[in-house]
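Just so you know, the sequences run in chain order A and B. For the first sequence, this note's numbering gives the first residue as 7, with consecutive numbering after it. For the second sequence, this note's numbering gives the first residue as 4, with consecutive numbering after it. From the three backbone atoms N, C-alpha and C, an ideal C-beta is built for every residue, glycine too. Note sheet for the following structure.
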Amino acid sequence: GAVVSQHPSWVICKSGTSVKIECRSLDFQATTMFWYRQFPKQSLMLMATSNEGSKATYEQGVEKDKFLINHASLTLSTLTVTSAHPEDSSFYICSARPGARTDTQYFGPGTRLTVL
Amino acid sequence: GEDVEQSLFLSVREGDSSVINCTYTDSSSTYLYWYKQEPGAGLQLLTYIFSNMDMKQDQRLTVLLNKKDKHLSLRIADTQTGDSAIYFCAGVRGNTGKLIFGQGTTLQVKP
């Protein structure tokens, strides 16, 4: 149980284009999902907290107009990197929390974004 | 705020026990977590311990929690080459539900 998927697993795009990454909880409902970014050989950096049916809460220093988050259902959150640039190249990981009574997060497999 | 620290690297021989240590500053976390990350993959929840427990054992994994010293450890018995990965400990920041991760410990298992 508690499986989270991400799609795509990797994507290469040209500078200036937008890329959408999907995060799905497959066997549970997630009122809250989180989006992280991970640089090589580093820990995870929380970008934003996404609550179903409401606006995402962004961490300090994360541009909300650059990283658009939508959490339209209890099993799906999307992260759109708009007008991507090479510095946006990174490993993006989402996680999902099955309800408000637990802090436990289950993570997706990650999406490798490379912007040329 | 919460700060979580881990040693960066541990090397052991196959069959030995591995002990990965973690210290944290915020004692309000209800749970403390251990995650495993293999190359190019997401994080796999290994185990977690409730803050009012001292120890939790799950097959080859033993978690020890010393609340007084704010020290958490993960012991892996009979370490196998498949255990080679990065291990993250994590606490929860206050009442936010946000996980705060350590830097990750790279475990290298030599045959």
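Extent of the continuous beta strand (DSSP E) run through residue i
| i | result |
| --- | --- |
| L66 (chain B) | Here residue 66 (chain B) turns out to be Val, not Leu, going by the sequence shown. First-last of the beta strand (DSSP E) with V66 (chain B): L64 to N69. |
| C7 (chain B) | Note on residue identity: the sequence assigns Val, not Cys, to residue 7 (chain B). That run of the beta strand (DSSP E) goes V7 to Q9. |
| K117 (chain B) | Summary: the structure shown does not reach residue 117 (chain B), with chain B confined to residues 4 through 114, and so no result is reported for it. |
| A88 (chain B) | A88 to R96 |
| L13 (chain B) | F12 to R16 |
| V121 (chain A) | T117 to V121 |
| H123 (chain A) | This structure does not reach residue 123 (chain A), given that chain A is present from 7 up to 122, and the question cannot be answered. |
| K113 (chain B) | T108 to K113 |
| S21 (chain B) | S21 to Y27 |
| R103 (chain A) | S96 to R103 |
| K101 (chain B) | K101 to F104 |
Proximity to residue i [Cα-Cα], best of the options
| i | options | result |
| --- | --- | --- |
| E7 (chain B) | B:F53, B:S21 and B:Y27 | The sequence given here places Val at residue 7 (chain B); Glu does not occur at that position. The shortest C-alpha separation from V7 (chain B) is found at B:Y27. |
| L110 (chain B) | B:F104, B:A88, B:S31 and B:L49 | B:A88 |
| K61 (chain A) | A:F97, A:H91, A:A106 and A:S79 | A:S79 |
| M58 (chain B) | B:F91, B:L35, B:G97 and B:D86 | B:L35 |
| S21 (chain B) | B:T65, B:Q47, B:A44 and B:Y38 | B:T65 |
| D29 (chain B) | B:L46, B:I103, B:I23 and B:T50 | B:I103 |
| T88 (chain A) | A:T117, A:L50, A:T110 and A:L74 | A:L74 |
| P46 (chain A) | A:R103, A:S95, A:T38 and A:D71 | A:S95 |
| K113 (chain B) | B:T99, B:G105 and B:V15 | B:V15 |
| S32 (chain B) | B:S10, B:Q9, B:R63 and B:L75 | B:L75 |
| Q66 (chain A) | A:E58, A:K72, A:M53 and A:N57 | A:M53 |
| D33 (chain A) | A:G105, A:G116 and A:V121 | A:G105 |
| L50 (chain A) | B:N98, B:I79 and B:Y90 | B:Y90 |
| P14 (chain A) | A:Y98, A:Q111 and A:T38 | A:Y98 |
| R43 (chain A) | A:G59, A:E58 and A:Y64 | A:Y64 |
| E69 (chain A) | A:K20, A:V121 and A:A90 | A:A90 |
Own chain, CB closer than 6 Å to residue i, minus 5 neighbours either side, in chain order
| i | result |
| --- | --- |
| T84 (chain A) | K26, E28 and N76 |
| V17 (chain A) | V25 and L119 |
| W41 (chain A) | M53, A54, L85 and C100 |
| A80 (chain B) | S20 and R63 |
| G22 (chain A) | S89 |
Residues of its chain near residue i, where Cβ-Cβ distance is below 7 Å and the 5 sequence neighbours each way are ignored
| i | result |
| --- | --- |
| E93 (chain A) | none |
| T81 (chain A) | R30, S31, Q35 and A36 |
| Q83 (chain B) | E17 and V112 |
Own chain residues within Cβ distance below 8 Å of residue i, not counting five before or after
| i | result |
| --- | --- |
| C19 (chain A) | V25, A90, L119, T120, V121 and L122 |
| T50 (chain B) | Y36, W37, K59, D61, L64, V66 and L77 |
Closer than 7 Å: residue i CB and nearest the ligand ADP heavy atom
| i | result |
| --- | --- |
| Q35 (chain A) | Inclusion of the ligand ADP in the displayed structure is not the case, the ligand content being empty and no account of it being possible. |
Which complete beta strand (DSSP E) runs does the segment 26-81 of chain A hold, if anything under 3 residues is left out? 38-44, 50-57 and 73-79
Every unbroken beta strand (DSSP E) inside the segment 31-68 of chain B [3 residues or more]: 34-40, 46-53 and 58-61
Short-range partners of chain B found in the segment 96-120 of chain A, where Cβ spacing is below 9 Å: Answer in chain order: F97, I99, C100, S101, R103, A106, T108, D109, T110, Q111, Y112, F113, G114, P115, G116 and R118.
At a Cβ cut of 7 Å, what residues of the segment 14-33 of chain B count as close to chain A, listed as they run along the chain? T33
Give me the subset of the segment 31-64 of chain A whose CB atoms are less than 8 Å from a CB atom of chain B, sorted by chain position. T38, F40, Q48, S49, L50, L52 and T55
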